[in-house]
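Sequential numbering of the sequence shown, starting at 31, is according to this note's numbering. Cβ coordinates follow ideal geometry from the N, Cα and C atoms, glycine included. Small disclaimer: the values here were computed from a predicted structure and weren't measured. For reference, the structure is listed below as structure tokens.
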Amino acid sequence: MTEADQQEVTWAQEVGDVTAFWERLGLPGLLDVHTHFLPERIQRRVWAQFDEAGPKIGRPWPIRYRGTTQERVEQLRALGVRRFSSLPYAHRPGIAGYLNEWGAEFKLLAPESLWSATFYPEPEAGAYVSAALEAGVEIFKVHVQVGEFDLDDPLLDPVWGLLAEAGTPVVVHAGHAPVGNDFTGPAPMARVLAAHPRLCLVVAHLGAPDYLDFMSFADTYDRVHLDTTMTFTDFWTTTYPDGMLERLADLGDRILLGTDFPTIPYPYAHQLEGLERLGLGDDWLRAVCWHNAAALLGLPE
């Protein structure tokens, strides 16, 4: 589907295409572990960075879904996305607490959402992560490309210990894509996992562009998963290495559907098309689009 074709797709077509996808697979809908909702003021600032193709974006990136928070929740519901995350992420010290409070409010707005929280290397991180776990947070997000911090910063050591014991998933954007820096890449995650092998980490974007390096963590650590966010779409321009398709098949129970909704430049269905044209079969698609995440999060099938 060309970019021009994508822009011509109507909302009714989008709903029809996505619904047809999960109905054909016999699924109750979709379980998307990588969607974003932020406080409106912060959301506008994030979108401005994309509009300006800022230094962490690196290319034009038109955003398709720009409605209000409530409108975007209703869009996911209409598409049949039964469970989805909000994944706020702290980009500097002192903001994680505010984002976590907002995440709790979002959970009340969208009860079917995965209660999400974040953290940042700062002295109080252990306390607010502990409080979030006690409150019932279901998933965390950290973004080292934006936040510019080392995953193995000593201030995070008590946080990783708490999360390893709890088994709560953490979606980690640690790959170099779309623009790398001194904090991205597989090496910091390797050090964290060596110290905390029971961590349940979800590698965002399949670790692009170092796909095989990040996939190798799943061979060693039972709780490492990877999400599909933006991979195999026509917009994603990274090179896929030889043997990647075979690795995706081998790791069929560790791959989770992620999309980056709403900050994507194409219809939601295009992510699903990209996964389907890999040719890994309907059972693989069912696992990726529902069963793997349901098992990870302890949700009913």
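- Close CB contacts of Arg122 within its chain, under the 8 Å cut and outside five residues either way in sequence, are with Tyr150 and Gly177 (chain order).
- Per DSSP, the beta-bridge partners of Arg113 are Leu61.
- Counting C-beta atoms within 10 angstroms of its own C-beta, Trp190 has 16 or more neighbours from the protein chains shown and is therefore classed as buried.
- In this structure, Leu181 places its C-beta atom within 8 Å of the C-beta atom of Ala204.
- Three or more beta-carbon pairs drawn from the segment 283-298 and the segment 42-53 are found closer than 8 Å, and the two stretches are therefore classed as touching.
- Between the segment 249-265 and the segment 301-321, the count of C-beta pairs closer than 8 Å reaches three or more; the two stretches touch.
- Counting along the chain, no alpha helix (DSSP H) covers Asp257; the unbroken beta strand (DSSP E) around it starts and ends at His255 to Asp257.
- DSSP, read as helix, strand or coil, puts Thr148 in strand.
- Considering only Asp312, Phe213 and His321, the residue with the shortest C-alpha distance to Leu55 is Asp312.
- Ala120 is positioned such that its CB atom lies closer than 8 Å to that of Leu129.
- Within the same chain, and ignoring the five residues on either side of Thr198 in sequence, the residues whose Cβ sits closer than 8 Å to its Cβ are Leu163, Val167, Glu168, Ile169, Phe170 and Cys230.
- By the Cβ-count criterion, Arg75 is exposed, with fewer than 16 other Cβ atoms from all chains shown falling within 10 Å of its own Cβ.
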